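Visitor: Please read through the structure below; I'll follow up with questions.
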């Protein structure tokens, strides 16, 4: 195989969790560390791409000159940052674990402990990958991520179609050593007419596998 | 003033946030970084105390040989870890930002996105400082922390009495540069018959102010 160069290509990547505020102190978060998204950003950058990384709250940093980082907190902020950058990007990689729901109202002062029970009403956030899927041009390539704890492959294939994705990377929470907070991951890549399974490996190697397959599809 | 030694004393400190799981992926958290609690642990250890540090999820680490770290995630886990260590400790410092409420039920599989709205029912967690206050012996000294965005001093004084605390450290979210995520903090220390206000300073220096005052009270 010839050298896989993404020179001249712009890649938009989302990474990390989003935090949805309940009040100035509390939030609803998720256990995404952003490691997979940052590994993808580094890998694309190493192959010559100009990377736009939209990152939720993580402790991670990157110094690669090909990577421009925009930090956001909420799903709404991530959506706006992605919208701004999507038109100019050849490849979209939605690796962030975006909150599906946010509190309906955000208290501007810390909610004081009162009754024995408390109810938080949530409303749906925009599905960023799905919203972008409606705007996707013929020359753009869109990669989604799915994390399922049940009926993994069937759910992932449904998302592939509904969100107008070209490829979906499936993380299973069932595999020990895979998913959140680990430095290793075990993925399955699902395309319209193919399924690729991979062994448990370091996230930097998983990123390389994903980038290889995207290169084949966009240069094949 | 003579050298403030805590040699022979055991200090129990809680630090960081707690995360209350909604399902295997999502949780309710808060913006505590644990920096204040860890700074206190380091300061007490430097003054010769044997420190038991019960830490919620943070990216912080400590290598001081006088500090033994027990890591926990939820308020319930923190309560159990504190109960186990409280009897043997001379001084309790409740610097953690413990979640007041947790989801009533925890889904064992990731909750799938369904309707436009979702409601999470929460139930009250044990108030660790208050529960321990009921067990406190004459020779034990208990320090609480309060973070208020309204009626700070009045609320803090109420907590002092209700939780049988000897001292309360009040953080205000109103002071720029103070509180969560900053390396500086501005505190007020409230005792039954005194109020001490301090300038904005580094958290390590704030820790020293708190430790000084505890030393005076327990050795005065």
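Protein chains in written order, with full-length UniProt numbering: chain B, 1 to 220; chain G, 1 to 220. We treat Cβ as the ideally placed atom computed from N, Cα and C, and that holds for glycine. Quick caveat: nothing in here was measured; it's all calculated off a predicted structure.
1. Whose C-beta lies closer than 8 Å to the C-beta of residue 37/B among residues of the same chain, with five residues either side of it excluded?
2. Is the region 125-144 of chain B in contact with the region 103-110 of chain B, if contact means three or more CB pairs nearer than 8 Å?
3. Which parts of the region 50-112 of chain B are runs of the beta strand (DSSP E), unbroken and 3 residues or longer, counting only runs that do not cross its ends?
4. Please work out which residues of its chain come closer than 8 Å, Cβ to Cβ, to residue 144/B, disregarding the five sequence neighbours upstream and downstream, and give them in chain order.
5. Residues bridged to residue 26/G by DSSP?
6. Quick check: the Cα distance between residue 85/G and residue 28/G, rounded to an integer number of angstroms?
7. Look up residue 133/G in the DSSP assignment and say whether it is helix, strand or coil.
8. Using a threshold of 8 Å, state whether the C-beta atoms of residue 123/B and residue 101/B are closer than that.
9. Tell me which residue opens and which closes the alpha helix (DSSP H) that residue 41/G is part of.
10. Name the DSSP beta bridge partners of residue 18/G, please?
11. Starting from residue 171/G, trace the beta strand (DSSP E) in both directions and tell me its first and last residue.
12. Return helix, strand or coil for residue 203/G, following the three-state DSSP convention.
13. With a cut-off of 8 Å, does the C-beta of residue 59/G fall near any C-beta of chain B?
14. Whole angstroms are fine: how far does the CA of residue 154/B sit from the CA of residue 117/G?
15. List the endpoints of the continuous beta strand (DSSP E) containing residue 117/G.
16. Just grab the DSSP bridge partners of residue 11/G for me.
17. Sorted by chain position, which residues of the same chain lie with C-beta nearer than 8 Å to residue 208/B's C-beta, five sequence neighbours on each side aside?
18. If distances are taken between C-alpha atoms only, which option among 215/B, 46/B, 91/B comes closest to residue 64/B?
19. Between the Cα of residue 61/B and those of 187/B, 198/B, 33/B, spot the shortest distance and give me the residue it belongs to.
20. If we ignore side chains and look at the alpha-carbon of each, how far apart do residue 119/B and residue 185/G end up?
21. Please check the pair residue 24/G and residue 110/G, which I expect to be a contact at CB under 8 Å, by giving their CB distance rounded to whole angstroms.
22. Give a yes or no on whether 8 Å exceeds the smallest Cβ distance from residue 182/B to chain G.
23. I need the straight-line Cα distance from residue 22/B to residue 210/B, nearest angstrom please.
24. Specify the secondary structure class of residue 164/G as computed by DSSP and reduced to three states.
25. Could you tell me how far apart the beta carbons of residue 187/G and residue 206/G are, in whole angstroms, since I believe they sit closer than 8 Å?
26. If I follow the unbroken beta strand (DSSP E) through residue 114/G, where does it start and stop?
27. Give me the Cα-Cα distance between residue 74/G and residue 30/B, rounded to the nearest whole angstrom.
28. Please report the distance separating the alpha-carbon of residue 213/B from that of residue 198/B.
29. Tell me the residue span of the beta strand (DSSP E) that contains residue 191/G.
30. Over what stretch of residues does the beta strand (DSSP E) that includes residue 196/G continue unbroken?
31. Mind checking if residue 141/G is an interface residue toward chain B, Cβ cutoff 8 Å exclusive?
Guide: Based on what the coordinates show:
1. 13, 14, 15, 16, 53, 55, 93, 95, 96
2. no
3. 50-55, 67-71, 91-94, 101-103
4. 94, 129, 159, 160, 163, 165, 167, 168, 169
5. 30/B
6. 26 Å
7. helix
8. yes
9. 35-46
10. According to DSSP, which records beta bridges pairwise, residue 18/G is partnered with nothing at all.
11. 167-172
12. helix
13. yes
14. 25 Å
15. 117-124
16. 51/G, 91/G
17. 43
18. 46/B
19. 33/B
20. 32 Å
21. 6 Å
22. no
23. 36 Å
24. coil
25. 6 Å
26. It is not in any beta strand (DSSP E) - residue 114/G carries neither H nor E in the DSSP assignment.
27. 14 Å
28. 12 Å
29. 187-191
30. 194-197
31. no
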